[in-house]
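2 protein chains.
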Amino acid sequence: MPIGAATAAAGAITDLAIVLFAAKVGDEVFKRLHQPALIGEILAGLIVGPAVFGLVEPGEVLDVFAELGVVFILFWVGLETRLDEMREVGRPAALTGLAGVVLPFAGGFGLALALGESTETAIFLGAALSATSVGITSAVLDDLGALGTRAARTILGAAVIDDILALILVAVAVGIATEGGVDALSIAVTVGLAFGFVAFVSLGGERLIRARPGILEAPKFSESPLLPAVILCFALAAIAGEIGLAAVIGAFIAGLIVAETKDRHPIEEEVVPLYAFFAPFFFASIGIDLDLEALADAAGLLALVTVVAIATKLAGAWFGARGLTPSEASIVAVGMVPRGEVGIIVAGIGATAGVIDAEMFGAIVGMSILTTLLVPPLLRRLTGPS
Amino acid sequence: MPIGAATAAAGAITDLAIVLFAAKVGDEVFKRLHQPALIGEILAGLIVGPAVFGLVEPGEVLDVFAELGVVFILFWVGLETRLDEMREVGRPAALTGLAGVVLPFAGGFGLALALGESTETAIFLGAALSATSVGITSAVLDDLGALGTRAARTILGAAVIDDILALILVAVAVGIATEGGVDALSIAVTVGLAFGFVAFVSLGGERLIRARPGILEAPKFSESPLLPAVILCFALAAIAGEIGLAAVIGAFIAGLIVAETKDRHPIEEEVVPLYAFFAPFFFASIGIDLDLEALADAAGLLALVTVVAIATKLAGAWFGARGLTPSEASIVAVGMVPRGEVGIIVAGIGATAGVIDAEMFGAIVGMSILTTLLVPPLLRRLTGPS
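For the protein sequence lines, the chains are A and B, in the order given. Each residue of the first sequence is one higher than the one before, counting from 785 in our numbering. Each residue of the second sequence is one higher than the one before, counting from 785 in our numbering.
This is how it looks when you write it as structure tokens:
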């Protein structure tokens, strides 16, 4: 069985081993310092990545492992959530999602115009600021044992709404940037598909299971239901991606559906090792992809963008969640702040379309990471014993 | 969180979902037909791959998932094996490994010369025939609950010896093909490293744990020992690959080491979901990578090569294992027959070096797959109630 080194796969395993080892060390160190472990994992990625030692380069394989990391995080979060509990927070979640998009969009749009940027660039900055990365917040709340709270459910519901609205904004922004105008029909179709997907899968899937409680057992799987559940998760993640939503929204909905059957099929214990294995790649990749020089070049703009991003999201989400108790509304407002990989993806689309220059790109990426790093300690304080 | 579809990762998740779904269907169908499930998974890969529907193309990401599949299979097998039980079969394992390389090499070498091929080509065919893919046999024996038997331990030990000997053969073949001669020093260094690695890690690692039973607990990991164990597995797999051994040999040794601590750290239950998730990619990839046209073109040569491959490996391994009972020796002999991915890798190296033409390449690939498909039903019959 010779010459494993001759295959590309062997090199990839070396990279995966380095990232996993570094992330685990960062995790353990930060836990001992009583800091959020995921920040230790992000910094570990920064250290082994091109920014410091260059042991690991970004690439397709790491991207896929990172994406599966956040997919398994949201799948796990869906597993821990009951649909009827989500419905209880329907109104505050919808309001939070809406206000948490409108204000940041207005803030980003206004800031860009005030700085003398074009309308196209302004739309992209607005769209980047309106995004929410629910992966980070979910992982922190799970860590703190707070996933079952009303605030956590409001954040999750708001993230779904937020995602659909941000999809519209980016579709508009891309239309203007690449075709000089908006193709209303294609946007309407995309949005209709997105809403239809969420509604059909989450409501229809649940009804189907309620009406025929044995349906997931029907094929009489000879072993555990883990693989069928993971296949459902990947399939809905892929479909969500195909229609322009984030893959994690599909994974979350898959978790919700499987959760409705979990009394009969206990699979949570089997999902934990997959979550534990993949999630560190998601956090470490944020650090690996970080370009410190571009950040330094954009320091002034970065500061401005970050302040606007935090202030508008806090205000919008707080406003949307004001029907909850004040302490719940604070958790929701802070929990919606991280932009994570989502802001970076929007900036990347803008850069590809030629309407985001290098400095603005660096500022959006830096803002996405800063908001991601700031939130875990704050959330920990807000949910901890006061 | 928009435009997941814009990232390469989303496309990869679609591919992974298709492969996992197809493999699961193949698995379930073959179990109901009372056939080995892994053959169902290989055929499922064939059907979704370029050979039939072309839903999934081979690529780097699938290669890495396939490689991790066989890495987790061998890690699991190592976890299920105790070092002192391995030592009991040291002598038959060493003999089986040796005779299981010498005869197939001689057979392949002789066949190629008889067909009028060059000496270089003959060395490659001999090396390809001397390889053993222990992944398939391990999975079948695990399925049958026969991993703990003396025959299974003999196969595993023989596979390690076999791998080191095959490494020498391929190093010699590559040296002759690319430099027109053998660099004895570099081969000696490689082989020394390989033996040193196996001896140091498996014996030294175990002694260290015996001498300081708490060493794996020393860092007081805050959670389960799963990630440290997986990191050890990947690290040894990567090192094995770097020095020219198969990555799976490192994974197997890592499993052996972790097994010595498993009374204190029960991690088997946590490894099972990773094994269940990744292994189907290994089996399905064999089918995805299969080029039926090349096989058809090489049908005559394929038949010859396959007959020689089976006859020489059966005879050599049987001879080496003759110290065991006759029924154990039969299981060992059959269990050493699959060439799996290993024969394909050797053929690929030969093709890259320009000494294996398209027809010979097709024949070696076909032989690797045929030997892989033939063995599971035979092993099942040999180990089943007679």
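Just so it is clear, CB atoms sit at the ideal spot from N, CA and C, and this is done for glycine as well.
Take Ala1113/A, set aside five residues on each side of it, and the residues of its chain with a beta-carbon closer than 7 Å to its own are Trp1102, Ala1105, Arg1106, in chain order. CA-CA distance, Leu977/A to Leu977/B, rounds to 58 Å. Ile823/B is outside the set of residues whose beta carbon lies under 7 Å from a beta carbon in chain A. Assigned with DSSP and collapsed to three states, Arg871/A falls in helix. Contact annotation: the region 899-915 of chain B touches the region 882-891 of chain B, with at least three C-beta pairs closer than 8 Å. Of the residues assessed, Arg816/B falls on the exposed side of the cut-off, its CB having fewer than 16 other CB atoms within 10 angstroms.
In the structure shown, the three-state DSSP call for Phe837/B is coil. Look at Thr1096/B: its C-beta is not under 7 Å from any C-beta on chain A. The shortest C-alpha to C-alpha distance from Ile857/A to any of Val813/A, Ile920/A, Asp868/A is the one to Ile920/A. Within the region 830-859 of chain B, contact with chain A at the beta-carbon level (separation under 8 Å) is assigned to Glu844, Val845, Asp847, Val848, Ala850, Glu851, Leu852, Val855.
Taking 7 Å as the threshold, the shortest C-beta distance from Phe1062/A to chain B does not fall below it. Of all residues in the region 862-875 of chain B, none is placed with a Cβ closer than 8 Å to any Cβ belonging to chain A.
With contacts defined by Cβ atoms closer than 7 Å, Gly1071/B and Leu830/B form a contacting pair. In the three-state scheme derived from DSSP, where H, G and I count as helix and E and B as strand, Met1151/B is classed as helix.
Assigned with DSSP and collapsed to three states, Arg1165/B falls in helix. Around the Cβ of Leu969/B, a 10 Å sphere holds fewer than 16 other Cβ atoms; the residue is exposed. When C-beta atoms of the region 851-868 of chain A are compared with those of the region 1085-1100 of chain A, fewer than three pairs fall below 8 Å, so the two segments do not count as touching.
The beta-carbon of Ala1101/B is placed no less than 7 Å from the nearest beta-carbon of chain A. Contact note: Leu931/A does not reach chain B at a C-beta cutoff of 9 Å; the least C-beta distance is about 17 Å. In summary, the residues of the region 1030-1057 of chain B whose CB is separated from some CB of chain A by less than 8 Å are Ala1030, Ala1031, Val1032, Ile1033, Glu1053, Glu1054, Val1055, Val1056, Pro1057, in the order they occur in the chain. Around the beta carbon of Val1014/B, 16 or more other beta carbons sit within 10 angstroms, so the residue counts as buried.
With contacts defined by Cβ atoms closer than 7 Å, Gly1134/A and Phe893/A do not form a contacting pair.
For Ala1135/A, the three-state secondary structure derived from DSSP is helix. The beta carbon of Gly1025/B falls within 7 Å of a beta carbon belonging to chain A, placing the residue at that interface. Interface flag for Phe889/A against chain B is unset, since no Cβ pair is found closer than 7 Å.
Nearest CB-CB separation between Ile797/B and chain A: below the 7 Å threshold. By alpha-carbon distance to Asp799/A, the top candidate from Ile823/A, Leu1010/A, Val836/A, Val840/A is Val840/A. In the three-state scheme derived from DSSP, where H, G and I count as helix and E and B as strand, Glu901/B is classed as coil.
No residue range can be given for Asp1073/B, since it is assigned to no alpha helix (DSSP H) and is classified by DSSP as neither H nor E. DSSP places Asp1081/A in the helix class (H, G or I) of the three-state scheme. Each residue's CA atom was taken as its position, placing Phe805/A and Pro1009/B some 13 Å apart. In the three-state scheme derived from DSSP, where H, G and I count as helix and E and B as strand, Leu895/B is classed as helix. Counting along the chain, the unbroken alpha helix (DSSP H) around Leu863/A starts and ends at 844-863. With respect to Gly1132/B, Gly862/B sits apart: the two C-beta atoms are not nearer than 7 Å.
Of all C-beta pairs linking the region 935-949 of chain B to the region 1133-1149 of chain B, fewer than three are shorter than 8 Å, placing the two stretches out of contact. Nearest C-alpha to Ala930/A among Phe859/A, Thr1090/A, Val982/A, Gly1119/A: Gly1119/A.
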